[in-house]
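Numbering (the working numbering), first residue to last: 34 to 232.
We treat Cβ as the ideally placed atom computed from N, Cα and C, and that holds for glycine.
Reviewing the structure listed below.
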Amino acid sequence: MTTRDTTTATIDRRDFVKELLAQCPDALVVTGLGSPTYDVFAAGDRNKNFYLWGAMGGAALIGLGLALAQPEKSVLVITGDGEQLMGIGGLATISAQQPKNLTIVVLDNGHFGETGMQRSHTSLGTNLSAVARACGISSAYEVHDAHAVAQVVQGIHQREAVVLAQVFVKADDLPRALPSRDGVYIKNRFRQELGFAPL
């Protein structure tokens with residue numbers, strides 16, 4: 034069994050997310066369960082943010098649907114390794130569709146942060162960027178340095194291919210920043226941002 038030393042990661046996930054969103058103010062953002070939601074909300078609440086609560090494994094596929102429905106807009110999924118591992122089959126579906134306006138950022142701390150920081154499969158040998166490439170997402174890569182946020186931003190703005198960036202972040206227990214848990218409110222303000230009437 035190949036394991037990864039998660040203590041060597043140097044990227045602060047909250048700083049990375051804040052910088053990423055600051056450089057992509059027009060992107061539609063879908064967040065994965067837990068820490069990615071807290072990080073995106075901490076960077077500043079926006080009507081373009083679609084926060085998921087209790088939908089583990091669904092973030093990338095919701096991003097896929099949104100990217101297909103809004104082909105002129107950049108769609109950014111920010112999720113964690115545990116959440117993406119649960120939705121790993123979705124990478125094959127995303128590859129089959131190849132939406133050029135979809136970027137998936139996996140904040141990988143090698144742990145299941147929401148259930149007690151148990152080691153996740155990514156610290157036990159699973160490489161999500163390699164899995165994505167095997168599924169046919171050729172623009173899938175690892176990020177080990179915070180300065181590489183520029184590479185992710187470039188992919189979002191260019192919209193030339195579906196991208197998956199596996200960002201190795203420190204396994205920190207940061208204070209939770211909690212957006213609204215009112216699903217109807219989140220859905221309706223997102224719809225209004227896109228020019229649709231609330232439901």
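Item	Value
Meets three-Cβ-pair contact criterion under 8 Å: the segment 199 to 218 and the segment 67 to 75	yes
Length-filtered (3 minimum) beta strand (DSSP E) runs lying within the segment 139 to 225	172 to 176 and 196 to 201
Length of the line joining the Cα atoms of R37 and T159	9 Å
Under the three-state DSSP convention, the category F229 falls into	coil
Pair within 8 Å by beta-carbon distance, Y84 and T64	yes
Beta-carbon proximity of V202 to S172, cut-off 8 Å	no
Three-state secondary structure (DSSP) of T70	helix
Span of the alpha helix (DSSP H) around I127	G123 to Q130
Residue closest to M119, alpha-carbon to alpha-carbon, out of V138, A179, K81 and A92	A92
Residues that DSSP places opposite G113 in a beta bridge	L140
Selection from A183, K220, D215 and S162 that minimises the alpha carbon distance to A198	S162
Straight-line Cα distance separating I95 from V217	16 Å
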